[in-house]
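Written out below as structure tokens is the structure these notes cover.
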Amino acid sequence: MLTKILIANRGEIAVRVIRACQELGIASVAVYSELDRDALHVRLADEAYALGGQTAAESYLNTDKILEIIERSGADGVHPGYGFFSENTDFARAITERGVTFIGPPPESIEVMGDKVSSRIAAEEAGVHGVPGTSEFLSSGDEVVAFGNEFGWPVAIKAAYGGGGRGMRVVNAAEEAHAALASAQSEALKGFGRDECYVERFLVKPRHVEMQIIGDQHGNCVWVGERDCSVQRRHQKLIEESPAPNFPAEIRQAMGEAAVKVAKACGYYNAGTVEFLYEDGAFYFLEMNTRLQVEHPVTELVSGIDLVREQIRVASGDVLSFTQDDIDLRGWSIEVRVNAENPAGGKFLPAPGKIEKLVAPQGFGTRWDGGYETGDEVSQFYDNLVGKLIVWGSDRDTAIGRMKRAINEFVIDGIDTTLPAQLLILDHPDFVAGEHSTNWVDNGTLDLSGVTTGRLRGAEPEAEGEDAEAKVRRDVDVEVNGKRFSVAMWVPESALAASAPAGGASAAKPRARRAASGGGGAAGTGSIAAPMQGTIVKVDVAVGDTVAEGQVVCVLEAMKMENNVATDVAGTVAEVKVEAGQAVGAGDVVVVITPAAAE
Numbered sequence: 009m010l011t012k013i014l015i016a017n018r019g020e021i022a023v024r025v026i027r028a029c030q031e032l033g034i035a036s037v038a039v040y041s042e043l044d045r046d047a048l049h050v051r052l053a054d055e056a057y058a059l060g061g062q063t064a065a066e067s068y069l070n071t072d073k074i075l076e077i078i079e080r081s082g083a084d085g086v087h088p089g090y091g092f093f094s095e096n097t098d099f100a101r102a103i104t105e106r107g108v109t110f111i112g113p114p115p116e117s118i119e120v121m122g123d124k125v126s127s128r129i130a131a132e133e134a135g136v137h138g139v140p141g142t143s144e145f146l147s148s149g150d151e152v153v154a155f156g157n158e159f160g161w162p163v164a165i166k167a168a169y170g171g172g173g174r175g176m177r178v179v180n181a182a183e184e185a186h187a188a189l190a191s192a193q194s195e196a197l198k199g200f201g202r203d204e205c206y207v208e209r210f211l212v213k214p215r216h217v218e219m220q221i222i223g224d225q226h227g228n229c230v231w232v233g234e235r236d237c238s239v240q241r242r243h244q245k246l247i248e249e250s251p252a253p254n255f256p257a258e259i260r261q262a263m264g265e266a267a268v269k270v271a272k273a274c275g276y277y278n279a280g281t282v283e284f285l286y287e288d289g290a291f292y293f294l295e296m297n298t299r300l301q302v303e304h305p306v307t308e309l310v311s312g313i314d315l316v317r318e319q320i321r322v323a324s325g326d327v328l329s330f331t332q333d334d335i336d337l338r339g340w341s342i343e344v345r346v347n348a349e350n351p352a353g354g355k356f357l358p359a360p361g362k363i364e365k366l367v368a369p370q371g372f373g374t375r376w377d378g379g380y381e382t383g384d385e386v387s388q389f390y391d392n393l394v395g396k397l398i399v400w401g402s403d404r405d406t407a408i409g410r411m412k413r414a415i416n417e418f419v420i421d422g423i424d425t426t427l428p429a430q431l432l433i434l435d436h437p438d439f440v441a442g443e444h445s446t447n448w449v450d451n452g453t454l455d456l457s458g459v460t461t462g463r464l465r466g467a468e469p470e471a472e473g474e475d476a477e478a479k480v481r482r483d484v485d486v487e488v489n490g491k492r493f494s495v496a497m498w499v500p501e502s503a504l505a506a507s508a509p510a511g512g513a514s515a516a517k518p519r520a521r522r523a524a525s526g527g528g529g530a531a532g533t534g535s536i537a538a539p540m541q542g543t544i545v546k547v548d549v550a551v552g553d554t555v556a557e558g559q560v561v562c563v564l565e566a567m568k569m570e571n572n573v574a575t576d577v578a579g580t581v582a583e584v585k586v587e588a589g590q591a592v593g594a595g596d597v598v599v600v601i602t603p604a605a606a607e
């Protein structure tokens, strides 16, 4: 068995892996960025090492730094979690070449299945067919246009090396193709370090059903039931459940067998997920995620199998602790992803900020996998997943009722979350009947116009308040058992001021928080404001340009997602206050438009 595992990730998945290590008696090593110095995964781990930097590219995607920390810490295993380097062949190979165990599939399997284009080819060779799509990476928007004209619109551009809906754009017409490809490539590069994309036919009303598989290094591979992940917005999952509702037993068996075929075709071992689109009694191979999935807890609750524990066992060389005949799925499980977003009006705008209070629900069949606690900050630079609320019930109706009770019991103050929208979804007749699809939220079938806030109890953030006091670095020398060490300490400014000699600097004042703002400026004024905290990645207008109402003036990145900022009036651009790469806060004016009526 491995003795020390470094978790090359952050947030709730890092916490999840650390807890599994503790139960197995394995030492855990956390890594952290400047912004995550006091994060929950850092507090729980046995050891923690600084990566430096703030953004993902500067920290969690810094291969050289992570490799350095692996060597310094003496870790003999690395768990990548999901996202970041979890499906990066180069990273997996760099780990294994150092004699360190990568807790995932062999690099060769990631090479085939981590790239969605080559995975389509491999699945076809195994006799598992997918939705019509390209088998080569896109080099220009012209190829998207040609594909759409041949197979029909809409089509979907997808990041070849990513997941979670990032780097995916639905293209409804030829004139949208070039801009959609550029946007998908930009988002994919920021999220996964690779910008390759491909295109495939976009099914209008499919369900997203995926099959959990796990294999060992001795040739054994089993499927552990399916998950329905059809409740999505912007191609990112909101609610997952197992088993899938209204799903015939013969389709379940055929899909499970197909998933194992795909895995065995590429010599796969460890945990993985084979994803399918299901429509009108037929299923199509979509992709294989060569990692642990965000929604793995629903499978754990219906199967009784600890997938992370099993991952570590398999990576250590053990035989699977169960066979296909041992799988006994019982009851029903549902998971909601609690994201820091404001779902008001169905917009789901990223909403980073400080969590003033977090009390997770409890009770029979209720589980909370979280990455944050009271007082923690959800940063604009990372994924917006705060945690996952999972319930188990003896049947689907019981699970739905238990989830509604748990959401209503949840206390999370200080930030907006997706919970108000998820509560509405759970009550919707289409969801209750299991008749929803992947496009159900985005196409307007689900009416979210009545959702006016991301706060469960309708509480609005305070107009004025105080952030946690700023900390500053001080390098000091300390002695431990007579041995001298030079260490960096991060201490509150007021503590330094209090200890300063007479006549020195006065105590620092805590920073004042900006008054809350919904962004967008006053309706119809032409002062276009950022709807959230983030970074400007593109400015689409210049002073003197004539713009139409609803035209995009700039693109804002927040929480690894790109968001279009549009003008609320027609007129002429009078002033551009931002440039690419500039950080902005919610409510900051980015562009000023002179309304046409005032010209």
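Residue 9 is where the sequence shown starts when you use this note's numbering, and the numbers rise one by one after that.
Beta carbons: idealized from backbone N, C-alpha and C, even for Gly.
Note that the coordinates shown come from a computational prediction; the quantities given were computed from them, not determined experimentally.
Endpoints, the beta strand (DSSP E) within which residue i is located
i    : result
A58  : 55-58
P603 : 597-603
Q244 : 244-250
E283 : 278-287
N614 : Residue numbering for the chain in the displayed model covers 9 to 607; residue 614 lies beyond these limits and cannot be assessed.
I536 : 535-537
First through last residue of the alpha helix (DSSP H) which encompasses residue i
i    : result
T543 : Run containing T543: none in the alpha helix (DSSP H); it sits in the beta strand (DSSP E), 542-547.
I320 : 315-323
D405 : 404-417
R80  : 71-81
F439 : 437-440
Burial state of residue i, where buried means 16 or more other Cβ atoms lie within 10 Å
i    : result
T575 : buried
E472 : Bear in mind that the predicted position of E472 carries a pLDDT of just 43, short of 50, making it too unreliable to give a figure here.
P251 : buried
M497 : exposed
F291 : buried
E195 : buried
I129 : exposed
N451 : exposed
H226 : exposed
A566 : buried
G60  : exposed
L246 : buried
Three-state class that DSSP yields for residue i in the structure shown
i    : result
M9   : coil
R174 : coil
I21  : helix
E470 : Note on E470: pLDDT 45, under 50, position unreliable in the model; the coordinate value appears next. In this structure, E470 counts as coil in the three-state DSSP scheme.
C29  : helix
M567 : coil
S311 : helix
K585 : coil
Q590 : coil
Q430 : helix
D44  : helix
A271 : helix
P2   : Outside the shown range of the chain, which is 9 to 607, sits residue 2, and nothing can be said about it.
Q261 : helix
L300 : coil
G526 : Reliability fails at G526, whose pLDDT of 39 lies under 50, so the model's placement of it is uncertain and no value is given.
A16  : coil
Q240 : strand
Can we say the stretch 328-345 touches the stretch 355-362, given the rule of at least three CB pairs closer than 8 angstroms?
no
Please give me, in chain order, every unbroken run of the beta strand (DSSP E) with length at least 3 that falls completely inside the stretch 334-408.
340-347, 365-367, 374-378, 393-401
In chain order, each beta strand (DSSP E) run of at least 3 residues that lies wholly inside the stretch 72-157
85-87
To test your reading of the DSSP string, which unbroken alpha helix (DSSP H) runs of 4 or more residues are found completely within the stretch 161-230?
185-200
Fully enclosed by the stretch 442-466, which alpha helix (DSSP H) runs are 4 residues long or longer?
none
Counting beta carbon pairs with one atom in the stretch 140-153 and one in the stretch 306-316, are three or more of them shorter than 8 angstroms?
The stretch 306-316 is not in contact with the stretch 140-153.
Meets three-Cβ-pair contact criterion under 8 angstroms: the stretch 203-212 and the stretch 91-104
no
contact_flag[the stretch 115-123, the stretch 72-82] where n(CB pairs < 8 angstroms) is 3 or more
no
Given 8 angstroms, three or more beta-carbon pairs between the stretch 389-399 and the stretch 372-381:
yes
For the stretch 214-222 against the stretch 185-199, are there 3 or more C-beta pairs whose distance is under 8 angstroms?
As far as the Cβ criterion goes, the stretch 214-222 does not touch the stretch 185-199, which means the pair count is below three.
Is it true that the stretch 363-371 meets the stretch 424-437, where meeting means three or more beta-carbon pairs spaced less than 8 angstroms apart?
Verdict: no, contact absent.
Cβ contact (3+ pairs, closer than 8 angstroms) linking the stretch 432-446 and the stretch 379-393
no
Sufficient close CB pairs (3 or more, under 8 angstroms) joining the stretch 83-97 to the stretch 22-37
yes
Please confirm if the stretch 41-57 is in contact with the stretch 261-279, defined as three or more CB-CB distances below 8 angstroms between the two stretches.
no
Check whether the stretch 584-595 touches the stretch 538-546, counting contact only when three or more Cβ pairs, one atom from each stretch, lie closer than 8 angstroms.
yes
Counting pairs of Cβ atoms below 8 angstroms between the stretch 52-72 and the stretch 34-42, do you hit three or more?
Segments in contact, yes.
For the stretch 130-141 against the stretch 176-195, are there 3 or more C-beta pairs whose distance is under 8 angstroms?
no
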